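Position 236, counted from 1, in the sequence shown is what the UniProt record's numbering calls 236; the numbers after and before it change by one each time, with no gaps.
No residue lacks a Cβ here, since even glycine has one placed at the ideal position from N, Cα and C.
None of these values were measured; they are calculated from a predicted model.
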Amino acid sequence: MKVLVVGSGGREHALCWAISNSPLCDALYCAPGNAGIADVATLVPIGSEDVDALVRFVQDNAIDFVVVGPEGPLVLGLVDRLTALGVKAFGPSAAAAELEGSKGFMKDILAKYGVPTAFYERFKDPDAAKAYVRKHGAPIVVKADGLAAGKGVTVARTEQEACDAIDDALVGGRFGAAGAEVVVEEFLDGEEVSFFALCDGENALPLASAQDHKAVGDGDTGPNTGGMGAYSPAPVLTPDLQDRVMREIILPTVKGMAAEGKPFKGVLFAGLMIMQTPAGPVPKTLEFNVRFGDPECQTLMMRLKSDALAALVAAADGVLDSIDLRWHDRTALCVVMAANGYPGDYAKNTEIRGLDKAGAVENVTVFHAGTKRAEDGRVLSVGGRVLGVTALAPTVAEAQAAAYKAVDALDWPDGFCRRDIGWRAVGR
Numbered sequence: 001m002k003v004l005v006v007g008s009g010g011r012e013h014a015l016c017w018a019i020s021n022s023p024l025c026d027a028l029y030c031a032p033g034n035a036g037i038a039d040v041a042t043l044v045p046i047g048s049e050d051v052d053a054l055v056r057f058v059q060d061n062a063i064d065f066v067v068v069g070p071e072g073p074l075v076l077g078l079v080d081r082l083t084a085l086g087v088k089a090f091g092p093s094a095a096a097a098e099l100e101g102s103k104g105f106m107k108d109i110l111a112k113y114g115v116p117t118a119f120y121e122r123f124k125d126p127d128a129a130k131a132y133v134r135k136h137g138a139p140i141v142v143k144a145d146g147l148a149a150g151k152g153v154t155v156a157r158t159e160q161e162a163c164d165a166i167d168d169a170l171v172g173g174r175f176g177a178a179g180a181e182v183v184v185e186e187f188l189d190g191e192e193v194s195f196f197a198l199c200d201g202e203n204a205l206p207l208a209s210a211q212d213h214k215a216v217g218d219g220d221t222g223p224n225t226g227g228m229g230a231y232s233p234a235p236v237l238t239p240d241l242q243d244r245v246m247r248e249i250i251l252p253t254v255k256g257m258a259a260e261g262k263p264f265k266g267v268l269f270a271g272l273m274i275m276q277t278p279a280g281p282v283p284k285t286l287e288f289n290v291r292f293g294d295p296e297c298q299t300l301m302m303r304l305k306s307d308a309l310a311a312l313v314a315a316a317d318g319v320l321d322s323i324d325l326r327w328h329d330r331t332a333l334c335v336v337m338a339a340n341g342y343p344g345d346y347a348k349n350t351e352i353r354g355l356d357k358a359g360a361v362e363n364v365t366v367f368h369a370g371t372k373r374a375e376d377g378r379v380l381s382v383g384g385r386v387l388g389v390t391a392l393a394p395t396v397a398e399a400q401a402a403a404y405k406a407v408d409a410l411d412w413p414d415g416f417c418r419r420d421i422g423w424r425a426v427g428r
C-alpha cells in the first residue's frame, strides 16, 4: 500500500515509525511531517488542515490509505472528502468528529445513551451560566464548546473564577467561534487516565491505557500544557476496570453514534476520571477525543507487537472483529522535551545536538514533534513541545531511568523537561 499520514507532531512520528515497519506498507508519506519523520517517510510540504491540497496529493499520487493524526482536519471533513473519492482513510467523518469538535454535542450523546459523566448544562447566555454556577457552587468546570487548542477548559476553584471564565468566552470572545457556547459541569475528583479503543462503526477493540502529565512542572505544578510525558499501561486502570470502561463507556458510545446515523470509525480516546467510592473505583467520562493522544501515542506504538497498519485498515474496513492485537508486557514511558518558556512564549530555531547519542540508549526511541532540518543538516526546534524521548522496559522505574539517561545525552540548552514522569506508577 501507498500510505499518507497527515500531521507533524510526536503522535505522527510514532504512527509513521510503526507503519513503516509493516509489510503492507510499500511507500510512506507524511504531510507536513518533521525532521524525525523524514527518517522513515517522504515529507510532503502541505499543512495538515489544507484539505483541498491534501486531497489533490492523494489523487495525483494514487495513495491507497490515509491516516489522519490531528483533530483539525477530521473536524474539517478530510475523511469525508477521501471517502467520496473511494480512498480508504483512518479517522471519523466530520459528523462523528463532533465528539471532540463540540463538547456540548459530546455531553448530549453521553446523557442520551447513559454513559457515566459529570452533570452539566450548555449556555450561550452568560447570566444564565453564572446563575448555574451560583446554584451549584465551586469547584466547578467551565469549557468552551469548540476546539480551543487545549486552552478552553477552566477548573474553577471559586465561583468568581468560574464567572470570569464564562465572561472570557461568551462576552470577551477569547476563543472566537469555539467559545460562542460553554459547557458548565460538575467537578470530578480522582485520578485521570487515558484509554484508547479502535472503532469500525459497530465494533470496538480495546488498545491500552496511558497516563498523561499535563502540568508543566514537577509534582504537577504550574500551567497545563499539551502533555509533558506519559506512560503505558496505567496501573490505576486494572483489567476489571478496563472491562467496565468498554462495557459502560466505549461500546454504548459507539452504538449510540451508529443509532444517530453518525457511525464512529477511527480511534476513540476517552479521558477518564477514576473516582474512589465506598463501593470501589468508578470510571466517569471527562471527554472524548477522536484521535490518538500526544504523547500517549508514542507509548502505545512502542508497546504494540502487532502490525499497526493492518489494525488501522481493519478499523476503516469495518472488520475489527477479525483483528487480535498483541502487546509487549512491558512499560513504555515518554518524556517530552519542550522549548524554554513553553507553554508561554518560547524561542524557535535553536539547535538540538546529541540526538544520535540519545537514540543509542538501549530500548529508547526519540520521537520528534516540533523540529525541522536546516539546509546545513542541523536539527532545529520550531515548536513548543519538541521531542518525545520514549523507553520500553520491564518496569516503569526501569523505563523512567532509560528515558532520562537518553534525555541527559541530549545537548540542547534551550530545552527542558519534567524530571518526574511516571511518579504515580513508581509510587505504587
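- Under the DSSP assignment, D212 falls in the beta strand (DSSP E) whose first and last residues are A204 to D212.
- In the three-state scheme derived from DSSP, where H, G and I count as helix and E and B as strand, A18 is classed as helix.
- Under the three-state reduction of DSSP output, C417 falls in the coil class, being neither helix nor strand.
- Looking at the DSSP output, M337 bridges to L387.
- A direct Cα-to-Cα measurement between P116 and T350 gives close to 46 Å.
- Residue environment analysis places R419 among the exposed positions, since fewer than 16 neighbouring C-beta atoms fall within 10 angstroms of its C-beta.
- Within a 10 Å sphere around the beta-carbon of S209 sit 16 or more other beta-carbons, which makes this residue buried.
- Cβ atoms of S93 and P73 stay farther apart than 8 Å, at about 12 Å.
- Note on geometry: alpha-carbon atoms of D329 and R11 lie some 21 Å from one another.
- Under the rule that a run must span 4 or more residues, the alpha helix (DSSP H) segments found entirely inside the stretch 352-403 read 355-359.
- One thing to note: F195 has its Cβ no nearer than 7 Å to the Cβ of V141.
- Taking G318 as reference, the option from L304, Y346, Q298 and A258 with the minimal CA-CA separation is A258.
- Judged by DSSP secondary structure, F57 falls within the alpha helix (DSSP H) whose first and last residues are V51 to D60.
- The C-beta of E296 has 16 or more other C-beta atoms within 10 Å across all chains shown, which makes the residue buried.
- Under a 10 Å Cβ-count criterion, T390 is classified as buried, with 16 or more other Cβ atoms of the shown protein chains found around its own Cβ.
- When the beta-carbon positions are compared, K135 and Y120 stay at least 7 Å from each other.
- In this structure, the beta-carbon distance from M301 to A97 does not fall below 7 Å.
- Annotated as distal: A311 and V254, with beta-carbon spacing of 7 Å or more.
- Between G150 and G266, the CB-CB gap reaches or exceeds 7 Å.
- 7 Å or more divides the Cβ of A409 from the Cβ of V386.
- Here K305 is exposed. Its C-beta has fewer than 16 other C-beta atoms within 10 Å.
- Note that the C-beta distance between I250 and G190 is not below 7 Å.
- Taken through DSSP and simplified to helix, strand or coil, L251 comes out as helix.
- Inter-residue distance for D127 and K143 is about 16 Å (C-alpha atoms, whole angstroms).
- Between G384 and A339, the C-beta spacing is below 7 Å.
- Of the candidates Q242, K130, G226 and D218, the residue whose Cα lies closest to the Cα of K284 is Q242.
- By the CB criterion at 7 Å, A131 and S232 fall outside the cutoff.
- In the DSSP assignment, A148 falls outside any beta strand (DSSP E) and carries neither an H nor an E.
- With three or more CB-CB distances shorter than 8 Å, the stretch 395-406 counts as touching the stretch 357-368.
- Each of V79, L147 and W423 was checked against the Cα of P263, and the nearest Cα belongs to V79.
- Around the beta carbon of V171, fewer than 16 other beta carbons lie within 10 angstroms, which makes this residue exposed.
- Counting only residues of its own chain and dropping the five nearest sequence neighbours on each side, A315 has a CB closer than 7 Å to the CB of F90, L198, C199, D200, K265 and G266.
- Apart from the 5 residues on each side of it in sequence, A95 sits with its Cβ closer than 7 Å to the Cβ of K262 in its chain, given in chain order.
- Distance between M246 and A401, taken at the CA atoms: about 33 Å.
- For a cut-off of 8 Å, the C-beta gap from A62 to K124 is around 46 Å, too long to register as a contact.
- Pairing G388 with V336 gives a Cβ-Cβ distance under 7 Å.
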